[in-house]
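Since the structure comes first, as structure tokens, the remarks are kept for the end.
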Amino acid sequence: MADRIVALDLGSADEALAMVDRLPDIEWAKVGPVLFVREGPAILRRLEQRNIKVFLDLKWYDIPTTVAGAAAVAADQGVDLATVHSLGGEEMLAAAVEASGAMKLVAVTVLTSYDPEAYWNTLGRDGVTELGPEVSRLAQLAVGAGVHGVVTSPLEVAAVRSAVGPDPWIVTPGIRPPEADADDQRRTADPASAVRAGATHLVVGRPITRAERPDEVYKRIRNEMRQAR
Ligand code: C5P
50 MADRIVALDL GSADEALAMV DRLPDIEWAK VGPVLFVREG PAILRRLEQR
100 NIKVFLDLKW YDIPTTVAGA AAVAADQGVD LATVHSLGGE EMLAAAVEAS
150 GAMKLVAVTV LTSYDPEAYW NTLGRDGVTE LGPEVSRLAQ LAVGAGVHGV
200 VTSPLEVAAV RSAVGPDPWI VTPGIRPPEA DADDQRRTAD PASAVRAGAT
250 HLVVGRPITR AERPDEVYKR IRNEMRQAR
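Just so we're aligned, residue 50 is where the sequence shown starts under the working numbering, counting upward by one.
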């Protein structure tokens, strides 16, 4: 069974902790740049004290020494999982893996905010109309450099799974239960479809954090994931 990760995109540590306290079964929480920059590492410790696994999603992309240093510090703080950019290259990825100790790393491939034209303009190439092969190529590069898995949109999970084989983690945001609002997400899938395609970790934020009864939505998502088996 895949895991659920609740994205705590909330304004303060107090709000984030009030949310996790409403989710008695929560196993994983994702802390992104806004909450982390506001609250600092104290938020990580307060989640860990509640026995919640921490996914620190800061998408590191820098020279190898700097990324390795950040990974080592995060691992020391008890972070369980963190993100790096596959475009940082093999040397950066390998240095981060080496510095990570027990902490796992997953690599972002192509940001979902890119369309093909903007991506290839940024890279200085043209005439390419789809990003799917690029996502799979970067996923293979990152896994080859030793990361534990990749982050990808639900619509690319199946292709990435066939590119990287059965073992790497595939973490996917953009999850929307059938009855939920898409918000600003464009490339969504429901929990059962994402699991069937090969995802190991489903990141869900607003469908849970904006619900009147977050605990009920969280449970419903687990039940929907079970149906995928
Ligand atoms: O609220 P929602 O379920 O859309 O939250 C999804 C989470 O995953 C957010 O924290 C968002 O920043 C993150 N994310 C995403 N799409 C990506 C990468 C990360 O939605 N491509």
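Heads up, the beta-carbon is just placed ideally off N, CA and C, and yes, glycines get one too.
| said: Please tell me whether A151 and A117 are closer than 8 Å, where the distance is taken between their beta carbons. | reply: Between A151 and A117, the C-beta gap is not smaller than 8 Å, which leaves the two residues out of contact.
Counted within 10 angstroms of its Cβ, other Cβ atoms place L172 as buried (16 or more) or exposed: With fewer than 16 Cβ atoms within 10 Å of its Cβ, L172 is classed as exposed.
Bridge partners for A56 per DSSP, in chain order? Partner(s): K79.
Provide the residue(s) that pair with H250 in DSSP beta bridges, ordered along the chain.
D52, V220.
Tell me the DSSP secondary structure of G118 in three-state form.
Look at G118 here: in three-state DSSP terms it is helix.
Residues sharing a beta bridge with K108, DSSP = Beta-bridge pairing links K108 to no other residue.
Might you give, ordered along the chain, the residues of its own chain that have their beta carbon closer than 8 Å to the beta carbon of A260, omitting 5 neighbours on each side? The residues are V266.
Exercise. Is S287 near ligand 1, judged by its Cβ being under 7 Å from some heavy atom?
Worked result: Here the chain covers residues 50 to 278 and nothing more, so residue 287 does not appear.
- Task: Name the residue from G81, A62, A67, D63 whose alpha carbon lies nearest to the alpha carbon of V253.
- Result: Of G81, A62, A67, D63, the smallest CA-CA separation from V253 is found for G81.
Kindly indicate which three-state DSSP category A123 falls into: helix, strand or coil? For A123, the three-state secondary structure derived from DSSP is helix.
Let's test the definition: count the other Cβ atoms within 10 Å of the Cβ of D74 and tell me whether it reaches 16, buried, or not, exposed.
Its Cβ having fewer than 16 others within 10 Å, D74 is exposed.
Q. CB A208 to CB V244, shorter than 8 Å?
A. The answer is no: Cβ separation not under 8 Å.
- Is the number of C-beta pairs between the segment 118-132 and the segment 90-105 that are closer than 8 Å three or more? Yes: at least three Cβ pairs fall under 8 Å.
- Message: Quick check on the burial criterion: 16 or more other C-beta atoms within 10 angstroms. Buried or exposed for R225?
- Response: The residue in question, R225, is buried, as its Cβ has 16 or more Cβ neighbours within 10 Å.
* **Ranges of the alpha helix (DSSP H) found wholly within the segment 175-211, counting only runs of at least 4** => Note on the segment 175-211: whole alpha helix (DSSP H) runs with a minimum of 4 residues are 181-193, in chain order.
Start-to-end residues for the beta strand (DSSP E) that takes in T132: Residues 130-134.
Is it a yes or a no for the segment 177-187 touching the segment 207-221, going by three-plus beta-carbon pairs under 8 Å?
-> The way I'd put it, the segment 177-187 does touch the segment 207-221; three or more beta-carbon pairs between them come closer than 8 Å.
TODO: Give the straight-line distance between the Cα atoms of R262 and P240, rounded to the nearest whole angstrom.
DONE: Rounded to the nearest whole angstrom, the CA to CA distance from R262 to P240 is 18 Å.
Next on the checklist: Less than 6 Å between C-beta atoms, sequence neighbours within five positions excluded: which residues of the same chain meet that for G223?
Outcome noted: Once the five neighbours on either side are set aside, the close Cβ partners of G223 are S202, P203, Q234, R236, T237.
My output table needs one value for K154: the three-state DSSP class, helix, strand or coil. Residue identity differs from the one stated: residue 154 is Leu in this sequence, not Lys. Three-state DSSP puts L154 in a strand.
Exercise. Please confirm whether any heavy atom of ligand 1 lies closer than 7 Å to the CB of Q98.
Key: Distance from the C-beta of Q98 to the nearest heavy atom of ligand 1 is not below 7 Å.
Determine the extent of the alpha helix (DSSP H) in which D264 is found, giving its start and end residues.
Looking at the DSSP string, the run of the alpha helix (DSSP H) that includes D264 is 263-275.
Closer than 7 Å: K102 CB and nearest ligand 1 heavy atom:
No; taking the cut-off as 7 Å, the Cβ of K102 has no heavy atom of ligand 1 nearer than that.
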